[in-house]
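As numbered in our numbering, residues 3 to 463 make up the sequence shown, in order. Virtual Cβ for every residue (Gly too), placed ideally from N, Cα, C.
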Amino acid sequence: MTDKHKIIERLTEISGRDNILHGQEDMISLSYDGTPLFEQLPLCAVSPKNTEVLCQIVKASHELDFSIVPRGTGTGLSGGAIPLSNSVVVMMHHWDKIIEIDEKNLTAMVQPGVITQNLHTAVEKKGLFYPPDPGSMKICTIGGNVAENSGGLRGLKYGVTRDYVMGIEAVLPDGTIVSLGNKCVKNVSGINMKDLFVGSEGILGIITQILLKLIPQPQDQRTMLAFFNTFEDAGETVSAIIAEKIIPCTLEFLDQITMQCVEDFAKIGLPVDCEALLLIEVDGHTQIVDDEAKQIIKICNRHKAKDIQFAQNSDDAEKLKTARRAAFTALARLKPTTILEDATVPRDKVAPMLRRIQSIATKYNLAFGTFGHAGDGNLHPTCLTDERNTQEMHRVEKAFEEIFEAALSMGGTLTGEHGIGLAKKKYLAKFELPANLQLMKSIKQTLDPNNRLNPGKIFDL
């Protein structure tokens, strides 16, 4: 009997035959995530029906020498859910219950497989608000959001997933269950361990339950698109808005290539003869929102806005927001392979970074469209290519390395929200301070000395 057969037999004993997948077609569907260029068939996949079963699966990994890759819906963009050849995929998407919405404490207790959009809808029915809104929120899971510390369009004003995680229950690599955090707004009882798991990409534990902070739903909002002839005018507008002590809930950017693709795809009436677009949205109390919107229009005009489209109602607002929400889908239609990155710079470096991306694309004769979160400097340079063209893929690799180097030289970072995973671990090894990298490895080795959970992600041991 092969090791694979032993593993499948043992997992069947633990989980039941109906909760095991090992057919070729199923394994192919679990061999990749939202990241181009990475693919590996796992040994098999298992759907644990409860935490006790999950603990037994984790313990079995030590007995039978296999690794474990936790998986939600596989929308990640850094290869975080790609298995190794000896991996068992632990599927968590069916853990999809919203256990509690506590209107007195403004919290939600959820399982990791809850779809982010479903949580938004559920809490908004009660007049509450969960701000993190990653681009894949209609299909991604809260567990995946926590593992990657996902951001979104509203990150400038409201922050990212980490800012809303009050508690985590997780199964550690030895099968121990830990419960970290609670509903208390203040809690300094020892080291804040829950934050260690936020953004850890599944290498430290498998999250089984999450306690999230909610806030009151904003009373009103105003949405507009502003168009500029140059990156510099758009960048100066962003800085000027913040300098006026206005913090929009959304302050997004599209370049000309992306605008053209969105207009071809969505037909929403975008002008395509300008270099930059800003999607700007303010929210809060009606009087404040009205005042801020008027100030922003003045700022845009002062910084040479070519045109401003202002939403007159909620339908208009949704139409304008389509310009940004459709960006990746629109770009992905152009070439067989779409490689999206998320190098991040201080917001005052957005325009210089955009120019640098433009010059790098020209240098390597590549097609790039760039969009992203201008308000927090989190840009998404997106290369439109074909992975079958090996010569071009070599140029793509060189181009992204230069883009990362440029971001770091401007005081930025390799990734603002997508994570390191497989896709960027070689860059982390190259650019991160050795002492910082060693500290990360030490934490991993302490919790997971046998390297069972999601091995090969972030760094190699």
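Local conformation of residue i per DSSP, three classes
i      : result
Phe233 : helix
Ser202 : coil
Pro248 : Looking at the sequence itself, residue 248 is Ile, so the reference to Pro does not match. Coil.
Phe255 : strand
Phe330 : helix
Cys1   : This structure cannot speak to residue 1, because the chain is shown only from 3 to 463.
Phe40  : coil
Glu407 : helix
Gln219 : coil
Leu130 : strand
Met29  : helix
Ile10  : helix
Arg390 : coil
Pro436 : helix
Thr225 : strand
Glu277 : coil
Gln113 : coil
Asp104 : strand
Leu463 : coil
Ser17  : helix
Thr448 : helix
Glu283 : strand
Gly418 : coil
Val48  : strand
Ile193 : coil
Gly385 : Note that residue 385 is Cys in the sequence shown here, rather than Gly. The answer is strand: DSSP assigns Cys385 an E or B state.
Short Cβ contact (8 angstroms threshold) for residue i with residue j
i      : j      : result
Val90  : Ala47  : yes
Lys159 : Leu182 : no
Asp378 : Gly154 : no
Ala325 : Leu368 : no
Gly423 : Ser80  : yes
Pro338 : Asp285 : no
Thr500 : Thr346 : For the chain, the structure presents residues 3 to 463; residue 500 sits outside this window and is missing.
Thr239 : Cys142 : no
Gln119 : Met139 : yes
Thr225 : Lys323 : yes
Glu105 : Met111 : no
Ser33  : Pro85  : yes
Ile205 : Leu455 : yes
Asn453 : His64  : no
Whole-angstrom distance between residue j and residue i, CA atom to CA atom
i      : j      : result
Lys185 : Ala437 : 35 angstroms
Thr260 : Met355 : 16 angstroms
Leu174 : Lys300 : 53 angstroms
Leu213 : Leu108 : 10 angstroms
Met168 : Gly161 : 14 angstroms
Pro218 : Asp292 : 19 angstroms
Ile10  : His24  : 8 angstroms
Lys428 : Leu386 : 22 angstroms
His96  : Glu54  : 16 angstroms
Phe370 : Gly177 : 45 angstroms
Ile362 : His7   : 50 angstroms
Leu130 : Met93  : 30 angstroms
Val200 : Asn151 : 6 angstroms
Phe406 : Ala376 : 17 angstroms
Arg12  : Phe68  : 12 angstroms
Val274 : Glu265 : 8 angstroms
Ala268 : Ala124 : 28 angstroms
Asn194 : Lys188 : 11 angstroms
Met3   : Leu56  : Low local confidence applies: a pLDDT of 43 at Met3 is under 50, so the model's placement there is unreliable, with the coordinate-based value given in what follows. Between Met3 and Leu56, the C-alpha separation is close to 25 angstroms.
Ala278 : His287 : 29 angstroms
Glu403 : Thr448 : 32 angstroms
Thr232 : Ala319 : 24 angstroms
Arg164 : Arg19  : 37 angstroms
Integer Cβ distance of residue i from residue j, believed to fall under 8 angstroms
i      : j      : result
Asn88  : Leu43  : Rounded, the Cβ-Cβ distance is 11 angstroms, inconsistent with contact.
His122 : Asp235 : Between Asp235 and His122 the Cβ distance is about 34 angstroms, and since that is not below 8 angstroms, they are no contact.
Lys2   : Phe373 : Because the chain here runs from 3 to 463, residue 2 falls outside it and cannot be looked at.
Glu171 : Gln211 : 4 angstroms
Ala431 : Leu441 : The pair is not a contact, with the Cβ atoms about 14 angstroms apart (cut-off 8 angstroms).
Gly76  : Gly36  : 7 angstroms
Gly82  : Gly421 : 6 angstroms
Gly145 : Gly74  : 5 angstroms
Gly237 : Ala353 : 3 angstroms
Arg327 : Ser241 : Actually they do not touch by this definition, with Cβ atoms about 25 angstroms apart.
Pro38  : Ile341 : 5 angstroms
Tyr366 : Arg390 : Rounded, the Cβ-Cβ distance is 18 angstroms, inconsistent with contact.
Ile248 : Glu294 : 5 angstroms
heavy atom of the ligand HEM below 7 angstroms from residue i C-beta
i      : result
Gly374 : In terms of ligand content, the structure shown is empty, and the ligand HEM therefore cannot be addressed.
Contained beta strand (DSSP E) runs [length at least 3] in the segment 65–101, N- to C-terminal order: 69–73 and 89–93
Mind listing, in chain order, the continuous beta strand (DSSP E) runs of no fewer than 3 residues lying wholly within the segment 305–376? 307–312, 339–342 and 369–375
At 3 residues or longer, and completely inside the segment 133–181: list those beta strand (DSSP E) runs for me, N to C. 167–173
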